[in-house]
Amino acid sequence: MNFRLALLSGAAFALSASAVAQDANIDGRVGKLEKEMRAVQRQVFPAGAGKFIAPDIQSPTSAQPETPSTTSATSDLLVRVDALEAQLATLTGQVEQQGNNMRGLEARLKILEVQLASAQLASAPQETALPATAQATTAPSVLPTAAPVPAAVTVKPKPVVAAAKPAATAAKPSAARVAAVAAIERPATGDAFDDGYTYGFRLWEAKFYPEAQATLEETLKAYPKHRRASFLRNLLGRAWLDDKKPNTAVKVFYDNYKADPRGERAPDSLFFLGSALTDLGKTAEACEAYGELTRAYPDVASGRLADRVTAGKTRAKCK
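Read in order, the letters of the sequence shown correspond to residues 23 to 341 in my numbering.
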């Protein structure tokens, strides 16, 4: 009799140890899956500030509340594992889709940059041949020495004064503009980045766009890794966009998003990228930018930028 009791006790102990080991193994799987899911969610929702989005899981036994004792801790963990694995697969697919969309947008923007560069080259002033009279004075004489050229035929080319006027005007602003720019207060708090950003903002707000561009570019060059560089690059893009130079603005906005997708103004740069592309007549690419904004920053796209995104999509005629 004692021998049978010993056997039963040993079997019970073995079963208990096996259950404990199984629970520990499941706990390890759950912890590993939760860590992986957080990593995936940081890619899918870069603006989520590290928040973990809990899966909406309903236990199969919840439909039978009258028998809660039938659900063991082990079965609950198995349900969690299955649900986490399913959600992880979904999020992984979203990451892959987002990566594909991003690569497609980047490829289109590179093509656009080439097209814009070609258009700028085609519109640049080309060198023209000298007038015939000028060529006659600069080329070696091929006339016979026996037939001297009359003095009246020798014509000196007149200096081109009209072509120099626009360059001189662009290089030297008017006295009134200089005075107006000087009247804008330049901050001096001791923080060089913040002072440069604030002064650039004041220039942009006063519609002195070239001066704002110069100030912001100089500040960014000195502090490219500053914690608020996302703000500055976005403002720099707006200074180019408001200066009616959307081709340069496209590059600035895209670089800001690509360089720091977690930056505080990365969503704004995607919106203004769409606006600049629309100004250039590239509505398909603009709609892609708005789509990327909605996918990467759903809270911002449906929150503080909702009205702007809706208006931008309407202007670009996005489907």
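Backbone N, C-alpha and C define an ideal beta-carbon position, used for all residues, glycine too. No experiment lies behind these values; they were computed from the predicted model shown.
Next item on the list: Please list, in chain order, all residues of the same chain as H248 whose beta carbon is under 7 Å from its beta carbon, the five residues on each side excluded.
Entry: F215
Check: By Cβ distance, which residues of its chain are closer than 8 Å to L348, with the 5 residues on each side in sequence left out?
Finding: With the chain covering 23 to 341 only, the question about residue 348 has no answer from this structure.
Next item on the list: Return the chain-ordered list of same chain residues with a C-beta closer than 7 Å to the C-beta of L299, the five sequence neighbours on each side being excluded.
Entry: V272, E307, A308 and A311
Margin query: If the criterion is Cβ atoms closer than 8 Å, does the pair G222 and A204 meet it?
Written below: no
Next item on the list: Please report how far the alpha carbon of T96 lies from the alpha carbon of Q109, in whole angstroms.
Entry: 20 Å
Note to self: Between which residues of its own chain and A328 is the CB-CB distance below 6 Å, once the five residues before and five after are set aside?
What the structure shows: none
Notebook entry, point to check: Mind checking R326: buried by the 16 CB within 10 Å criterion, or exposed?
Noted result: exposed
Checklist line | Span separating the alpha-carbon of E207 from that of S291 | finding: 27 Å
Item checked: Buried or exposed by the 16-neighbour rule on C-beta atoms within 10 Å, applied to S342 -> Here the chain covers residues 23 to 341 and nothing more, so residue 342 does not appear.
Item checked: Residues of its chain near T332, where Cβ-Cβ distance is below 8 Å and the 5 sequence neighbours each way are ignored -> none
Check: Can you tell which of E286, L113, N278 and L100 has the C-alpha that lies nearest to the C-alpha of M59?
Finding: L113
Note to self: Taking the alpha-carbon of A318 as reference, which of G285, T305, A244 and G218 has the nearest alpha-carbon?
What the structure shows: G285
Notebook entry, point to check: The alpha helix (DSSP H) spanning E307 covers which residue range?
Noted result: T305 to A318
Note to self: Quick check: what's the CA-CA separation for K335 versus D277?
What the structure shows: 22 Å
Notebook entry, point to check: Are V101 and V52 closer than 8 Å when you measure CB to CB?
Noted result: no
Item checked: For D13, the first and last residue of its enclosing alpha helix (DSSP H) -> Residue 13 cannot be examined here, being either before or after the span of the chain that is shown, 23 to 341.
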